[in-house]
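Some notes on the structure that comes next.
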Amino acid sequence: MGATADDRGVSEFTGVAILVSMTVLATASVGLFVLVGTTDEGGQPQANFTFEYIDQSSVLLVTHDRGDEFTASNLTLRSSDGRARWYELAGTPPNRTVGPGATVQLSSNNAYGSNVNRGDRISVVYAPPSGNETVLETWDGG
1318 MGATADDRGV SEFTGVAILV SMTVLATASV GLFVLVGTTD EGGQPQANFT FEYIDQSSVL
1378 LVTHDRGDEF TASNLTLRSS DGRARWYELA GTPPNRTVGP GATVQLSSNN AYGSNVNRGD
1438 RISVVYAPPS GNETVLETWD GG
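Residue numbers for the sequence shown follow the working numbering, beginning at 1318 and rising by one.
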């Protein structure tokens, strides 16, 4: 018994349907990997800092609240009136790790060298030995 014209049409349709299904499946797999499977390692550092201003003393307490850990020599607190690295303010070695819970004080009586006043703008800046610096948090005198 030989193949009829109708049999050949069914076989071609089945082959085309399988090829289209495989193409859709492969495309969906690649798309899903690109959207979900990639991770952003080595991106910008992330951290939150809290600020407590003591008006009577013109002092600002800065606390690393949560986020990435940093080497103390790579964190700088700066404004138009003063500038100091975290380790200078904390009185620790430059290679000390700064993590959540670490606190420093900005005042005229330490490495910052200036009173802190309402209206000052003070930034916590991450500046690694190589790479771009990143402003992690800013206090706007409030």
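For each residue, glycine too, the CB sits at the ideal point set by N, CA and C.
Bridge-paired residues (DSSP) for residue i
{"i": "Asn1365", "result": "Arg1383"}
{"i": "Thr1414", "result": "Thr1388"}
{"i": "Arg1395", "result": "Arg1400 and Ser1440"}
{"i": "Val1337", "result": "None; Val1337 has no bridge partner."}
{"i": "Val1376", "result": "Ile1371"}
Element boundaries [beta strand (DSSP E), containing residue i]
{"i": "Glu1454", "result": "Thr1451 to Trp1456"}
{"i": "Tyr1443", "result": "Ile1439 to Tyr1443"}
{"i": "Ala1401", "result": "Arg1400 to Arg1402"}
{"i": "Thr1420", "result": "Thr1420 to Leu1423"}
7 angstroms Cβ cutoff met for residue i and residue j
{"i": "Phe1402", "j": "Thr1393", "result": "The question names Phe, yet the displayed sequence has Arg at residue 1402. In contact: Arg1402 and Thr1393 (Cβ atoms closer than 7 angstroms)."}
{"i": "Thr1455", "j": "Tyr1443", "result": "no"}
{"i": "Gly1458", "j": "Gly1430", "result": "no"}
{"i": "Phe1368", "j": "His1381", "result": "no"}
{"i": "Ser1440", "j": "Arg1395", "result": "yes"}
{"i": "Ala1419", "j": "Asp1385", "result": "no"}
{"i": "Ser1397", "j": "Asn1432", "result": "no"}
{"i": "Tyr1370", "j": "Ser1390", "result": "no"}
{"i": "Arg1383", "j": "Pro1417", "result": "yes"}
Exposure label - residue i; buried when at least 16 CB within 10 Å
{"i": "Asn1426", "result": "exposed"}
{"i": "Asp1357", "result": "Low confidence applies here, because Asp1357 scores a pLDDT of 48, under 50, leaving its location unreliable and the question unanswered by this model."}
{"i": "Leu1423", "result": "buried"}
{"i": "Leu1377", "result": "buried"}
{"i": "Ser1447", "result": "exposed"}
{"i": "Asn1412", "result": "exposed"}
{"i": "Leu1453", "result": "buried"}
{"i": "Val1379", "result": "buried"}
{"i": "Val1421", "result": "buried"}
{"i": "Leu1302", "result": "Residue 1302 lies beyond the range of the chain shown here (1318 to 1459); nothing can be said about it."}
{"i": "Gly1399", "result": "buried"}
{"i": "Pro1410", "result": "exposed"}
{"i": "Val1341", "result": "exposed"}
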